[in-house]
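Asks: Below is one structure. I have some questions about it.
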Amino acid sequence: MISEKVIEIKNISFQYDREIVLNQIHLTVPKGSFLGIVGPNGSGKSTLLKLILGLLRPDEGEILLFGEKQSKFRQWERIGFVSQKANSFNTGFPATVFEVVASGLTGKLGLFRFLRPKHKREIIQAIEQVGMKEFMYRKIGELSGGQQQRVFIARAIVSRPEILILDEPTVGVDAKNVQSFYKILKSLKEQRGITLLMVSHDIDALLSEADHVVYLNKRVQFYGDTDEYKSIRGERFSLVDQHGS
Numbered sequence: 001m002i003s004e005k006v007i008e009i010k011n012i013s014f015q016y017d018r019e020i021v022l023n024q025i026h027l028t029v030p031k032g033s034f035l036g037i038v039g040p041n042g043s044g045k046s047t048l049l050k051l052i053l054g055l056l057r058p059d060e061g062e063i064l065l066f067g068e069k070q071s072k073f074r075q076w077e078r079i080g081f082v083s084q085k086a087n088s089f090n091t092g093f094p095a096t097v098f099e100v101v102a103s104g105l106t107g108k109l110g111l112f113r114f115l116r117p118k119h120k121r122e123i124i125q126a127i128e129q130v131g132m133k134e135f136m137y138r139k140i141g142e143l144s145g146g147q148q149q150r151v152f153i154a155r156a157i158v159s160r161p162e163i164l165i166l167d168e169p170t171v172g173v174d175a176k177n178v179q180s181f182y183k184i185l186k187s188l189k190e191q192r193g194i195t196l197l198m199v200s201h202d203i204d205a206l207l208s209e210a211d212h213v214v215y216l217n218k219r220v221q222f223y224g225d226t227d228e229y230k231s232i233r234g235e236r237f238s239l240v241d242q243h244g245s
């Protein structure tokens, strides 16, 4: 049985100021998979995520989301995004956990729509799913780094996306909370069937959870099963894949 492709990247190329960042990237992401994206600094990992999210436009090639050309795609609530906490949210902002998670429904409801009871239930459910119910009305800035990142996951999943994209989400999170973080992702994958794409500086932790791996260094140098990647990692990639994006 052929798996449904939720993302198709066809011969994408992209450059900044005439410097090639990505060169002829071809990649498909099956529904329900957990794809880990690894590679050395400056290899184009975060740029690839921005292209998928429509934040950048490729110079060549095309991207299909759920079988539709990205240029015509409008159902962005089907894709959630979690970035590095420090880069994505001002934790000094006087918002509660509930309010931060509720902001994840803005794209679905519009900026000035009031929350209905069903939306409030969705918010509470997302908060419960990441184990933060007891902190629901606590200010976001009062939480630890690991707790804050759980809240950002809840914000990303409150609209019930089918794809969750994560860019270095565990930076600054201690080892105990990293384990908890991956348990949440595993639960989302198993219970909701969410497709996961994740870039991480912590290669070993990512490889322990992802079922597929892309090794990116401006080009796709490996794409396949995680176990296969592990078997050749020491031979081909060990000197350069221990660093971030």
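Residue 1 is where the sequence shown starts when you use UniProt numbering, and the numbers rise one by one after that.
All C-beta atoms in this analysis are idealised placements derived from N, C-alpha and C, irrespective of residue type, glycine included.
Kindly give me the distance between the Cβ atoms of residue 214 and residue 49, rounded to whole angstroms, as I take these residues to be in contact under 8 angstroms.
Replies: Wrong, their Cβ atoms sit about 11 angstroms apart, outside the cutoff.
Asks: Look at the alpha carbon of residue 169 and the alpha carbon of residue 201, and state the distance between them as a whole number of angstroms.
Replies: Whole-angstrom Cα-Cα distance: 9 angstroms.
Asks: Name, in chain order, the residues that DSSP records as bridge partners for residue 15.
Replies: 20
Asks: At the level of alpha carbons, what is the spacing between residue 67 and residue 120?
Replies: Just so you know, the alpha carbons of residue 67 and residue 120 end up roughly 32 angstroms apart.
Asks: Just to confirm my understanding: we take residue 145, look at its own chain, exclude 5 residues before and 5 after, and list those with CB closer than 6 angstroms. What are they?
Replies: 172, 173
Asks: If you measure between the beta carbons of residue 162 and residue 186, is that distance less than 8 angstroms?
Replies: Going by C-beta atoms, residue 162 is not nearer than 8 angstroms to residue 186.
Asks: Count the other CB atoms within 10 Å of the CB of residue 94; is the residue buried (16 or more) or exposed (fewer)?
Replies: exposed
Asks: With DSSP as the reference, identify every bridge partner of residue 35, one or two as the case may be.
Replies: For residue 35, which the question treats as bridged, DSSP gives the partners 197, 212.
Asks: Residue 212: buried (16+ other C-beta within 10 angstroms of its C-beta) or exposed?
Replies: buried
Asks: Select from 230, 235, 151, 225 the residue whose C-alpha is nearest the C-alpha of residue 84.
Replies: For the residues 230, 235, 151, 225, the minimum Cα distance to residue 84 belongs to 151.
Asks: Give me the residue from 233, 130, 55, 16 with the minimum Cα distance to residue 179.
Replies: 130
Asks: With burial defined as no fewer than 16 other Cβ atoms inside 10 Å of the residue's Cβ, what is the status of residue 147: buried or exposed?
Replies: buried
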